[in-house]
Amino acid sequence: MPAIDLDRAWKLHPQVSVRPEPFGALVYHFGTRTLSFLKDRTLLAVVDSLADHPSARAACAAAGVTEPELPRYAQALATLARSSMLVERS
Amino acid sequence: MTLVAQPAAPPAPEAPARPATGRLVDLFEYGLDAPICLTWELTYACNLSCVHCLSSSGRRDPRELTTEEAKAVVDELERMQVFYVNIGGGEPTVRSDFWEIVDYATSHHVGVKFSTNGVKITPERARELARNDYLDIQISLDGATAEVNDHVRGPGSYDTAIRAMQNLRDAGMKNFKLSVVCTRYNIPQLDEFKSLADRYGAQLRLTRLRPSGRGADSWDDLHPLPEQQRELFDWLVAHDGEVLTGDSFFHLSAYGQQLAGLNLCGAGRVVCLIDPVGDVYACPFAIHEEFLAGNVRMPGGFSSVWRESELFQRLRRPQSGGACASCGFFDSCKGGCMAAKFFTGLPLEGPDPECVRGLGEAALEERRARDVAVPRAAVDHSHRTTRAPRSGPGPVRLTLSRREDIVRPPVNACEEDPLAGFRPE
Chain A
1 MPAIDLDRAW
11 KLHPQVSVRP
21 EPFGALVYHF
31 GTRTLSFLKD
41 RTLLAVVDSL
51 ADHPSARAAC
61 AAAGVTEPEL
71 PRYAQALATL
81 ARSSMLVERS
Chain B
1001 MTLVAQPAAP
1011 PAPEAPARPA
1021 TGRLVDLFEY
1031 GLDAPICLTW
1041 ELTYACNLSC
1051 VHCLSSSGRR
1061 DPRELTTEEA
1071 KAVVDELERM
1081 QVFYVNIGGG
1091 EPTVRSDFWE
1101 IVDYATSHHV
1111 GVKFSTNGVK
1121 ITPERARELA
1131 RNDYLDIQIS
1141 LDGATAEVND
1151 HVRGPGSYDT
1161 AIRAMQNLRD
1171 AGMKNFKLSV
1181 VCTRYNIPQL
1191 DEFKSLADRY
1201 GAQLRLTRLR
1211 PSGRGADSWD
1221 DLHPLPEQQR
1231 ELFDWLVAHD
1241 GEVLTGDSFF
1251 HLSAYGQQLA
1261 GLNLCGAGRV
1271 VCLIDPVGDV
1281 YACPFAIHEE
1291 FLAGNVRMPG
1301 GFSSVWRESE
1311 LFQRLRRPQS
1321 GGACASCGFF
1331 DSCKGGCMAA
1341 KFFTGLPLEG
1351 PDPECVRGLG
1361 EAALEERRAR
1371 DVAVPRAAVD
1381 HSHRTTRAPR
1391 SGPGPVRLTL
1401 SRREDIVRPP
1411 VNACEEDPLA
1421 GFRPE
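Same order as they appear, the protein sequences are chains A and B.
Using the numbering used here, the letters of the first sequence correspond one by one to residues 1 to 90.
Using the numbering used here, the letters of the second sequence correspond one by one to residues 1001 to 1425.
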């Protein structure tokens, strides 16, 4: 699985909607018509705040993701990026 | 796709009604604040009379939602963040305001996937549809050849669907869906369906035949034979990721491998149906008062029905599994489809009629032996020419003949017949 560059700036694709749910969130991409599940409220906080941070790493830290947890979140973000849910900010 | 699987949380001192973590499928059993996907049938009118129609469609219902009422439903779905609706019918495109409702939805952040037999997909219309990113189309076809398809969907319906797919391809519409209900007659054609879809740049979608609507009358003849269920399962496993199933074959996961999807009965938990008159049912296969949760015209509208209906609350409580609870496969198949059990007269807490272990067949035998009545939907908009015979004494046979005791009626004053009153011996 290709990794995500945590030190770059990311944001949600403009055609993506996020619906918070007790278990985390539903994420839907209107362009690719695909649905994903964020199975974790912390991941939701990370995804929601990506656009406000200079890097994905900073967004994770701000959401309270600890160093040992980081690889798991990086993998989740990589999956989202691969399905075009996340795009890089220039 | 599931992102970041958490280990199950230790039991809290006061067990919450709904766990915060765990397998998604377990969480979804408690329902969501809004449906993930919702089927919305816009009209009971249809140009076809498919023998397995889930909603017994044919004639329009005069009480169908008006354009303004339909737009109000869209507004509500937008507020609830329902990302997309599956619009069907009937044949939704025969509603004169269909394109207006679709445009309204897609410009209000409610994506639309609509199912059609293709009758209104002209080249011009196809070009318009291809321009709308928020729109997906599903062409229904139940045979890879005209012979197999038209047997179920009626004469000419194969050509109509193929023409619609041609128009969509020529307009540059990518990845629309070719939707097939799997029957005894088309399961041998799965590879042909796949190449048909590939030829038109479409994605193949296979769904399960349900004994709902007119399907109750055709199910015995059409539903896959036990060995075909295995064939279908093996085909789905071999084509994992290439074919959509709308999560409809989760009863087959008892063969030993989970198929892609949630593998859960989503009725009233993550899915529901809004019918043309605004009635809200637990799922598209359950048009029967037993599964009626309310109506969008009620105060509070759709969101109150979804959140507060007594029926939906009940469906969101953990189910016991009844006779299936002791089965080793219960955790994967969850006892199968509620609607399939209901409309074949089987108890809801027990095996699916198509249980892969054959327990459904046995239950059906037993039901027939005990002569248990099978529930029927009261909602029927079938074309009158195709209506199935009703129960009861049936038509009275008449024979024209003369009564021997009254040879002629009494002569009246206007009788001009020169033989008036003459009685032949």
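Using N, Cα and C, we set each Cβ at its ideal position, and we do this for glycine too.
- When DSSP reads this structure, C1355 (chain B) sits in no beta bridge, so it has no partner.
- Taking every protein chain shown into account, the CB of D1033 (chain B) has fewer than 16 other CB atoms within 10 angstroms, so this residue is exposed.
- Rounded to the nearest whole angstrom, the CA to CA distance from A1260 (chain B) to G1360 (chain B) is 24 Å.
- Q1228 (chain B) and V47 (chain A) have their alpha carbons spaced roughly 44 Å apart.
- A buried status is given to T1183 (chain B), since no fewer than 16 other beta-carbon atoms sit within 10 Å of its beta-carbon.
- When C-beta atoms of the region 1329–1337 of chain B are compared with those of the region 1299–1306 of chain B, fewer than three pairs fall below 8 Å, so the two segments do not count as touching.
- For C60 (chain A), the uninterrupted alpha helix (DSSP H) run begins and ends at 56–62, by DSSP.
- Neighbours of I1101 (chain B) in chain A, taken as residues at a C-beta separation under 9 Å, are lacking, since the least C-beta distance is about 18 Å.
- As the crow flies, the alpha-carbon of W1235 (chain B) is around 10 Å from that of V1243 (chain B).
- For the region 34–51 of chain A, the beta-carbon criterion of a distance under 9 Å to any beta-carbon of chain B is satisfied by T34, L35, S36, F37, L38, K39, D40, R41, T42, L43.
- When rounded, the separation of the alpha-carbon atoms in D1221 (chain B) and D52 (chain A) is 60 Å.
- Taking 9 Å as the CB threshold, P22 (chain A) lines the interface with chain B.
- Taking C-beta atoms as the reference points, A1164 (chain B) and I1101 (chain B) fail to come closer than 9 Å.
- In this structure, T1245 (chain B) places its C-beta atom within 9 Å of the C-beta atom of T1207 (chain B).
- For F1083 (chain B), the residues of chain A that pass the 8 Å Cβ criterion are S17, R19, L26, Y28, F30, L35, in the order they occur in the chain.
- Among the residues of the region 1027–1038 of chain B, those with a Cβ less than 9 Å away from any Cβ of chain A are L1027, F1028, Y1030, L1032, D1033, A1034, I1036, C1037, in the order of the chain.
- Per DSSP, V47 (chain A) is not a residue of any beta strand (DSSP E); the alpha helix (DSSP H) it occupies stretches across 41–49.
- The three-state reading of DSSP puts Y1084 (chain B) in strand, counting E and B together.
- For the 9 Å CB-CB criterion, C1337 (chain B) and R1205 (chain B) do not form a contact.
- Nearest neighbour of A59 (chain A) by Cα position, chosen from A:F30, A:L35, A:A45, turns out to be A:A45.
- For D1136 (chain B), the residues of chain A that pass the 8 Å Cβ criterion are R33, in the order they occur in the chain.
- For K1113 (chain B), a Cβ of chain A is located within less than 9 Å of the residue's own Cβ.
- For a cut-off of 8 Å, the C-beta gap from V1148 (chain B) to N1117 (chain B) is around 16 Å, too long to register as a contact.
- At a Cβ-Cβ threshold of 9 Å, I1274 (chain B) and T1043 (chain B) do not count as neighbours.
- Note on geometry: alpha-carbon atoms of H1239 (chain B) and Y28 (chain A) lie some 24 Å from one another.
- G1089 (chain B) is positioned such that its CB atom lies no closer than 9 Å to that of L1315 (chain B).
- For D1133 (chain B), the closest Cβ of chain A is nearer than 9 Å.
- Not flagged as an interface residue toward chain A: H1108 (chain B), since no C-beta distance is shorter than 9 Å.
- Of the residues assessed, G1268 (chain B) falls on the buried side of the cut-off, its CB having 16 or more other CB atoms within 10 angstroms.
- Among the residues of chain A, none has a CB under 7 Å from the CB of L1206 (chain B); the nearest is roughly 18 Å distant.
- Residue pairing by DSSP puts V1271 (chain B) in a beta bridge opposite B:C1037, B:A1267.
- For L1024 (chain B), a Cβ of chain A is located within less than 9 Å of the residue's own Cβ.
- R1230 (chain B) and L1346 (chain B) have their C-alpha atoms roughly 22 Å apart.
- Ranked by Cα distance from E1029 (chain B), the first of B:V1271, B:R1060, B:V1152 is B:V1271.
- Secondary structure of H1251 (chain B) (DSSP, three-state): helix.
- In this model, R1153 (chain B) and V1051 (chain B) are separated by some 7 Å (Cα to Cα).
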